[in-house]
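Below: one structure, written as structure tokens.
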Amino acid sequence: MTRILAIETSCDETAAAVIEDGRRILSNVVASQVELHAEYGGVFPEMASRAHVEAIVPVIERTMEEAHLGFDDLNAIAVTYGPGLAGSLLVGVNAAKGLAVARNLPLIGINHLEAHVYAHWLEVEGDGAAQGNLTFPLLSLLVSGGHTELTLVRGHGDYEHLGSTLDDAAGEAFDKVGRLLGLPYPGGPEIERVAQNGNPQAFSFPRSWLDDKEPGTGEALGRSRGPHAWDFSFSGLKTAVLRQVQKYSDPPRGKLLADLAASFQAAVVDVLSAKAAWAAEAFAANAVLLSGGVTANQTLRKTTVERVKVPVYYPPIFLCTDNAAMVGACAHRHFIAEKIGPHARSGLDLDVVTGLRLG
Ligand code: KG4
Ligand code: ZN
Numbered sequence: 095m096t097r098i099l100a101i102e103t104s105c106d107e108t109a110a111a112v113i114e115d116g117r118r119i120l121s122n123v124v125a126s127q128v129e130l131h132a133e134y135g136g137v138f139p140e141m142a143s144r145a146h147v148e149a150i151v152p153v154i155e156r157t158m159e160e161a162h163l164g165f166d167d168l169n170a171i172a173v174t175y176g177p178g179l180a181g182s183l184l185v186g187v188n189a190a191k192g193l194a195v196a197r198n199l200p201l202i203g204i205n206h207l208e209a210h211v212y213a214h215w216l217e218v219e220g221d222g223a224a225q226g227n228l229t230f231p232l233l234s235l236l237v238s239g240g241h242t243e244l245t246l247v248r249g250h251g252d253y254e255h256l257g258s259t260l261d262d263a264a265g266e267a268f269d270k271v272g273r274l275l276g277l278p279y280p281g282g283p284e285i286e287r288v289a290q291n292g293n294p295q296a297f298s299f300p301r302s303w304l305d306d307k308e309p310g311t312g313e314a315l316g317r318s319r320g321p322h323a324w325d326f327s328f329s330g331l332k333t334a335v336l337r338q339v340q341k342y343s344d345p346p347r348g349k350l351l352a353d354l355a356a357s358f359q360a361a362v363v364d365v366l367s368a369k370a371a372w373a374a375e376a377f378a379a380n381a382v383l384l385s386g387g388v389t390a391n392q393t394l395r396k397t398t399v400e401r402v403k404v405p406v407y408y409p410p411i412f413l414c415t416d417n418a419a420m421v422g423a424c425a426h427r428h429f430i431a432e433k434i435g436p437h438a439r440s441g442l443d444l445d446v447v448t449g450l451r452l453g
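Residue numbering for the sequence shown follows this note's numbering, beginning at 95 and increasing consecutively.
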């Protein structure tokens, strides 16, 4: 049996968890800073690192208390070392180093993008949970405020990067458009809420296919693809929403607001779900794994399930958004098979890598 204390501070959540055998969540604590950053309409890096400094010790203490364990019951300390904000990552990495030295435990540095994939290995209830039915190859679509990543997972620790965003991340696009529409931060859940009363076809906002044909034409698969076929771009869409908003002197309200939100959401969901479906087919994936905060979006889930021919898994929201349980699940794989990844057992010289990639 292995028990790993995992720490995550890459962006604006201070999180810790204890994971048993890579699957069982013994405790999982997240201190969110969302209210702190709401005032600025996005994550303010300097404030994020200060808030991590304040929260990290209480979060770890609560995590150990809720797991009913002492540090002697642990086999390793895992921590996200990238990608993310330098000042935020440093808080988690240094806390983890301190614990590893003090308790003479191995330190395992974890790639945040890989951790999101391993959220699917955690034992949880719920409709979209994989419940252990995972056979490689798998296609991972990570959509959050900081990332839009399409990755082929050929096996444990064996990744092929297919595409990512050329400009804004999907969640960032939701947040920026939310602001254009006069909605509070974070924009994603707000846009989804007001879009419920809107017509997704009211505005035909642009979709950046970046080489592929529109879904349903049958031309997307089998044709030779350009270098950006699996990439994403949302900045043109954001500008298109801005142009509509500028036509009116006041912030949009009522039916207009609902139609703008619904049409914007439809454009983002269309591209994400279409590329996931094409890639799943092109790479013969056995399932599609959705993760990241944007996965909370019901239209995205529903449309992806409809379009993809293999099962689509999405963990419960608390495991889609940033958390340390997924870091612990990922660390377990590194712990039991040191050949996976270069940081199976990291030295105390482990440094943060803000631009770390996967595959
Ligand atoms: O994974 P996450 O909690 O944090 C990181 O970015 O790392 O994702 C937050 C992002 C925000 O951009 C937020 O607007 C978006 O996820 N989001 C949503 C929804 N809920 C959260 N986007 C669309 N629809 C939602 N229901
Ligand atoms: Zn994340």
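Glycine residues also receive a C-beta, built at the ideal position from the N, C-alpha and C atoms.
Taking the alpha carbon of Leu-275 as the reference point, which residue from Val-447, Gly-135, Ala-418 and His-428 has its own alpha carbon closest? Gly-135
Taking 7 Å as the line, does the beta carbon of Ser-238 fall inside it for any heavy atom of ligand 1? yes
Relative to the C-alpha of Gly-449, which residue among Glu-254, Leu-120 and Gly-178 is closest? Gly-178
Hey, could you find the ends of the alpha helix (DSSP H) Asp-353 is sitting in? 348 to 376
Residue nearest to Leu-383 in terms of C-alpha spacing, selected from Pro-200, Leu-244 and Arg-117: Leu-244
To the nearest angstrom, how far is the alpha carbon of Gly-249 from that of Pro-345? 49 Å
In the region 316 to 341, which residue ranges form an unbroken alpha helix (DSSP H) of at least 4 residues, counting only runs that do not cross its ends? 329 to 340
Cutoff 8 Å: Leu-331 Cβ touching any chain B Cβ: Absent from the structure: chain B. Only one protein chain is present.
Just to confirm the assignment, what range does the alpha helix (DSSP H) spanning Tyr-212 have? 206 to 212
Spatial neighbours of Glu-284 in its chain, beta-carbon cut-off 7 Å, leaving aside the 5 residues before and after: Gly-272, Leu-277 and Pro-278
Nearest-angstrom Cα distance between Gly-312 and Glu-155? At Gly-312, the pLDDT of 47 sits below 50, so the modelled position is not reliable and the matter cannot be decided from this model.
Give, in chain order, every unbroken run of the beta strand (DSSP E) that is at least 3 residues long and sits entirely within the region 215 to 279. 232 to 237, 242 to 249 and 252 to 258
If you follow the alpha helix (DSSP H) that Ser-182 is in, where does it begin and where does it stop? 180 to 197
So what does DSSP say about Leu-452, is it helix, strand or coil? coil
Short of 6 Å in beta carbon distance, which residues of its chain neighbour Met-158, apart from the five on each side in sequence? Order them along the chain. none
Let me check you understand the geometry: is the CB of Cys-424 closer than 7 Å to at least one non-hydrogen atom of ligand 3? Among the ligands in the structure shown, ligand 3 does not appear; only ligand 1 and ligand 2 can be found there.
Which residue comes first and which comes last in the beta strand (DSSP E) that contains Glu-107? 107 to 114
Could you check whether Ala-423 and Ile-113 sit closer than 8 Å to each other, using their CB atoms as the reference points? yes
Check whether the Cβ atoms of Ala-371 and Arg-401 lie closer than 8 Å to each other. yes
Ser-327 and Leu-304 - do their beta-carbons sit closer together than 8 Å? yes
Looking at the secondary structure, which residues open and close the alpha helix (DSSP H) in which Thr-157 lies? 139 to 161
Quick one, which of Ala-352, Ser-104, Arg-118 and His-210 has its alpha-carbon nearest Ile-98's? Arg-118
Buried or exposed for Met-95, going by 16 or more other Cβ atoms inside 10 Å? exposed
Nearest-angstrom beta carbon gap, Ala-263 and Leu-366 [assumed within contact, 8 Å]: Not confirmed; about 11 Å, so no contact.
Which class does Leu-130 belong to by DSSP, given the choice of helix, strand or coil? helix
CB of Thr-415 to nearest heavy atom of ligand 1: below 7 Å? yes
Cα-Cα, which of Asp-167, Asn-205, Ile-150 and Tyr-407 is closest to Gly-453? Asn-205
Excluding five sequence neighbours on each side, which residues of the same chain lie with their C-beta closer than 6 Å to the C-beta of Glu-254? Leu-246 and Gly-453
Any idea what DSSP makes of Gly-176, helix, strand or coil? strand
Excluding sequence positions up to five away, which residues of its chain have a Cβ less than 6 Å from the Cβ of Ile-487? The first residue shown for the chain is 95 and the last is 453, placing residue 487 beyond what the model contains.
For Tyr-408, does the count of other Cβ atoms within 10 angstroms reach 16, so buried, or fall short, so exposed? buried
Output needed for Glu-208: all residues of its chain with C-beta closer than 7 Å, excluding positions within five of it in sequence on either side, in chain order. Cys-424 and Leu-452
Supposed contact pair Ser-234 and Ser-385 - C-beta distance, whole angstroms, cut 8 Å: 7 Å
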